[in-house]
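**Student:**
Numbering (the working numbering), first residue to last: 14 to 533.
#1: Excluding sequence positions up to five away, which residues of its chain have a Cβ less than 6 angstroms from the Cβ of residue 335?
#2: Using only alpha-carbon positions, find the residue among 251, 456 and 140 that is nearest to residue 91.
#3: Which residue spans inside the region 406-467 form an unbroken alpha helix (DSSP H) run of at least 4?
#4: With DSSP as the reference, label residue 219 as helix, strand or coil.
#5: Expressed to the nearest angstrom, what Euclidean distance is found between the alpha-carbon atoms of residue 218 and residue 238?
#6: Going by Cα to Cα distance, which pick from 212, 267 and 266 is closest to residue 240?
#7: Quick check: the region 288-300 against the region 103-121, are there 3 or more CB pairs under 8 angstroms?
#8: Any heavy atom of the ligand ADP closer than 7 angstroms to the Cβ of residue 176?
#9: Which class does residue 510 belong to by DSSP, given the choice of helix, strand or coil?
#10: How is the beta strand (DSSP E) around residue 99 delimited, first residue to last?
#11: Where are the beta strand (DSSP E) runs, 3 residues long or more, that stay fully inside the region 158-241, in chain order?
#12: Just confirm the distance between the C-beta atoms of residue 454 and residue 499, as a whole number of angstroms; I'd bet it's less than 8 angstroms.
#13: Suppose you measure from the CA of residue 136 to the CA of residue 401; what does that come to, to the nearest Å?
#14: According to DSSP, is residue 270 helix, strand or coil?
#15: Indicate the three-state DSSP secondary structure (helix, strand or coil) for residue 497 in the structure shown.
#16: Identify whether residue 85 lies in helix, strand or coil by the three-state DSSP scheme.
#17: Taking 8 angstroms as the limit between beta carbons, can you name the residues of its chain near residue 209, skipping five residues before and five after?
#18: Might you give, ordered along the chain, the residues of its own chain that have their beta carbon closer than 6 angstroms to the beta carbon of residue 476, omitting 5 neighbours on each side?
#19: I need the boundaries of the beta strand (DSSP E) containing residue 482, first residue and last residue.
#20: Is the region 401-412 touching the region 145-165 in the sense that three or more CB pairs, one from each, lie closer than 8 angstroms?
#21: Using beta-carbon positions only, say whether residue 437 and residue 425 come within less than 8 angstroms of one another.
#22: Which term fits residue 271, buried or exposed, when burial requires 16 or more other beta carbons within 10 angstroms of its beta carbon?
#23: Helix, strand or coil for residue 150, going by three-state DSSP, please let me know.
#24: Is the CB-CB distance between residue 532 and residue 432 below 8 angstroms?
#25: Answer yes or no: does any C-beta atom of chain C fall closer than 8 angstroms to that of residue 405?
#26: Give the straight-line distance between the Cα atoms of residue 538 and residue 528, rounded to the nearest whole angstrom.
#27: Do you know how far the Cα of residue 73 is from the Cα of residue 538?
#28: Should residue 330 go down as buried or exposed, given a rule of 16 or more other Cβ atoms within 10 Å for buried?
#29: From the DSSP output, in three-state form, read off residue 65 for me.
#30: Kindly confirm or deny that the region 332-352 and the region 167-174 touch, where touching means at least three C-beta pairs closer than 8 angstroms.
#31: Would you be able to state if there are at least three C-beta pairs under 8 angstroms between the region 267-285 and the region 246-259?
#32: Let me know the secondary structure DSSP gives residue 296 once reduced to three states.
#33: May I ask you to report which of helix, strand or coil DSSP gives residue 367?
#34: Give every residue of the same chain whose Cβ lies closer than 8 angstroms to the Cβ of residue 94, excluding the five residues on either side of it in the sequence, and list them in chain order.
#35: Using a 10 Å radius around the Cβ and a threshold of 16 neighbouring Cβ atoms, would you call residue 216 buried or exposed?
#36: How long is the line joining the alpha carbons of residue 355 and residue 123, rounded to whole angstroms?
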């Protein structure tokens, strides 16, 4: 009994691991001194750690400290890292292959693709020097819902998602022993995209408010005449229901307006097919991703106050365009093979950011935006000057920001919450790493808070200042090795002085609540 207890404690000390063997088989793991033995079913081996199911539950054991006996024991010399990836077809077919090819080239590997069927394929990485296979990335290209279902069924190591994991999915994952999927190391924003309303180039309508867009897809607006167009019925197009993109449409367009989808909506399994169908039909409107808009025209988002927001690579990166759609990778709380960990580390490098951009998506590399390239932002500030926003405050903001450049790294918050949204949580890590490597040494960074216009101006400025300080603290906490003597990190706030959108809607107020980073 003592030996068994020691074995359980010994095994439980080690980290999680994962890799799917061809078939689960019995193994016996014995410590080098022969004093400890564990028997069970081999669930996985990542080249360093065994994961086995025992009478004590699922345990992970460091392979360097044990000998393995039994039919399920893997080859230590010819180990091949295997990773199952499931989820978004857009990410699986376009973005991930581009990144894998670049990763392989950088590390002296040859990448070989083998297609099993329309939705399943494998990338094999072969070491050019030894001609040995080092890794297999096995893809199931479907949709975000299917990706999370595969993760819960232990049929995926990484999920490719076009939306955040939902609360019920997080509970199921925790109950399945996959850990807390909200943790810092359980997800990653790989690239950025946006949800965009599109029409045919022959359609005279060029703009739409988010509320009108919601009412269109709820079936409350059915004729183009109500949107300033011709007297013709509106044809509706959306991605398939299981798509993360379709769910993002509901979350970001319908839900803020407390509306549900109407009937007679044509669904498309692929965003590219949706854009093609809309481009051919003068009376159609669809919602797709910015990266796959093809030849369709994107409508400008407007509000009753006259402010307008156009989508572009820069406005997606800064989240100045409000309907952003980050592209996620999710992985459970268990150890990944070394090659997989190396690949994930590669996705954060400058080389990977270039690959992401060339693949048609928006990268996360911070850009410095000069004051003269700020578009209508300062014009918006002049528009709201009055009793609450004085000319002196506008002068103070202008004199503070004019000598500086705005970073594309912006921090925004979840609706009705003080919690940073997914893209902003990723921005914390990105900026922290830049500080750690000395990218901003000898420079001054100012975290500048802005608010919506609801309530008293002075109170809004105080709230914005507290948010700016909270973001500054989060970045410093994440930048563990930063030398704060080599960079100046300050805070300031201008409240409602520079609105991005109209305050007459929930989405507009959310767009206005932000913390920008300015650098000199």
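All C-beta atoms, glycine included, are put in the ideal place defined by N, C-alpha and C. Note that this is a predicted model, so its numbers are computed, not measured.
**Tutor:** On the basis of the data shown:
#1: Counted from its first residue, the chain shown places residue 335 at position 322. Within the same chain, Cβ atoms closer than 6 angstroms to the Cβ of residue 335 are found at 520 and 524, the five residues on either side in sequence being excluded.
#2: Here residue 91 corresponds to residue number 78 of the chain shown, with the count starting at 1. The option with the nearest alpha carbon to residue 91 is 140.
#3: The region 406-467 contains, as complete alpha helix (DSSP H) runs of 4+ residues, the segments 435-449 (chain order).
#4: Counting from 1 along the chain shown, the entry for residue 219 is found at position 206. DSSP, reduced to helix, strand and coil, places residue 219 outside both helices and strands of the structure shown, so it counts as coil.
#5: Position 205 of the chain shown, counting from 1, holds the residue named residue 218. Position 225 of the chain shown, counting from 1, holds the residue named residue 238. Computed Cα separation, rounded: 10 angstroms.
#6: Taking the first residue of the chain shown as position 1, residue 240 is located at position 227. The shortest C-alpha separation from residue 240 is found at 212.
#7: No: the two stretches stay apart, fewer than three of their Cβ pairs being nearer than 8 angstroms.
#8: Looking at this structure, you won't find the ligand ADP or any other ligand, since it has none at all.
#9: Along the chain shown, one-based indexing puts residue 510 at 497. Residue 510 falls in the coil class under three-state DSSP.
#10: Position 86 of the chain shown, counted from the start, is the residue given in the question as residue 99. Under the DSSP assignment, residue 99 falls in the beta strand (DSSP E) whose first and last residues are 94-101.
#11: Segments of the beta strand (DSSP E) lying fully in the region 158-241: 171-174, 200-204 and 208-212.
#12: Indexing the chain shown from 1 puts residue 454 at position 441. Indexing the chain shown from 1 puts residue 499 at position 486. Sure, about 4 angstroms apart at Cβ, within 8 angstroms.
#13: One-based indexing of the chain shown puts residue 136 at position 123. One-based indexing of the chain shown puts residue 401 at position 388. Answer to the nearest angstrom: the Cα atoms are 59 angstroms apart.
#14: Residue 270 sits at position 257 when you count from the first residue of the chain shown. Residue 270: helix per DSSP, three-state reduction.
#15: Translated into the one-based positions of the chain shown, residue 497 becomes position 484. Coil at residue 497, not helix or strand.
#16: Indexing the chain shown from 1 puts residue 85 at position 72. The DSSP-derived three-state label of residue 85 is coil.
#17: Against the chain shown, residue 209 aligns to sequence position 196. Cβ within range, chain order: 300, 301, 302, 303, 306, 311, 312, 324 and 336.
#18: For the purposes of this step, residue 476 is taken as the residue at position 463 of the chain shown. Within the same chain, residue 476 has close Cβ partners 464.
#19: Residue numbering aside, residue 482 sits at position 469 when the chain shown is read from its first letter. For residue 482, no beta strand (DSSP E) run applies; the uninterrupted alpha helix (DSSP H) run containing it begins and ends at 470-491, by DSSP.
#20: No: fewer than three Cβ pairs fall under 8 angstroms.
#21: If you number the chain shown from 1, residue 437 lands on position 424. If you number the chain shown from 1, residue 425 lands on position 412. Yes. Within cutoff.
#22: Sequence index remark: in the chain shown, residue 271 carries index 258 (1-based). For residue 271, the number of other beta carbons within 10 angstroms of its own is below 16, and it is reported as exposed.
#23: Here residue 150 is taken as the residue at index 137 of the chain shown, counted from 1. Shown here, residue 150 sits in a strand according to DSSP, grouped into three states.
#24: Taking the first residue of the chain shown as position 1, residue 532 is located at position 519. Taking the first residue of the chain shown as position 1, residue 432 is located at position 419. No, these two residues do not count as a Cβ contact at 8 angstroms.
#25: In summary, chain C is missing from the structure at hand, where a single protein chain is found.
#26: Outside the modelled stretch of the chain, which goes from 14 to 533, sits residue 538, for which no answer is possible.
#27: Residue 538 lies beyond the stretch modelled for the chain, which goes from 14 to 533, so this question has no answer here.
#28: Position 317 of the chain shown holds residue 330. By the 10 Å Cβ count, residue 330 comes out buried.
#29: To locate residue 65, count along the chain shown from 1; it is residue 52. DSSP, read as helix, strand or coil, puts residue 65 in strand.
#30: By the Cβ criterion, the region 332-352 is in contact with the region 167-174, since at least three pairs of Cβ atoms, one from each stretch, lie closer than 8 angstroms.
#31: Using a Cβ-Cβ distance cut-off of 8 angstroms, the region 246-259 and the region 267-285 are in contact, since at least three pairs of beta carbons, one from each stretch, lie closer than that value.
#32: For the purposes of this step, residue 296 is identified with residue 283 of the chain shown, where counting begins at 1. Note: residue 296 maps to coil in three-state DSSP.
#33: As a first step, residue 367 is located in the chain shown; it is residue number 354 there, counting from the start. Residue 367 sits in a helix when the DSSP states are folded into three classes.
#34: Within the chain shown, the letter at position 81 stands for residue 94. Closer than 8 angstroms at the Cβ level, and outside the excluded window around residue 94, lie 32, 59, 60, 147, 148, 149, 350, 351, 352 and 353.
#35: Indexing the chain shown from 1 puts residue 216 at position 203. Counting Cβ neighbours within 10 Å, residue 216 comes out buried, since at least 16 surround it.
#36: If you number the chain shown from 1, residue 355 lands on position 342. If you number the chain shown from 1, residue 123 lands on position 110. A straight-line Cα-Cα distance of about 16 angstroms links residue 355 and residue 123.
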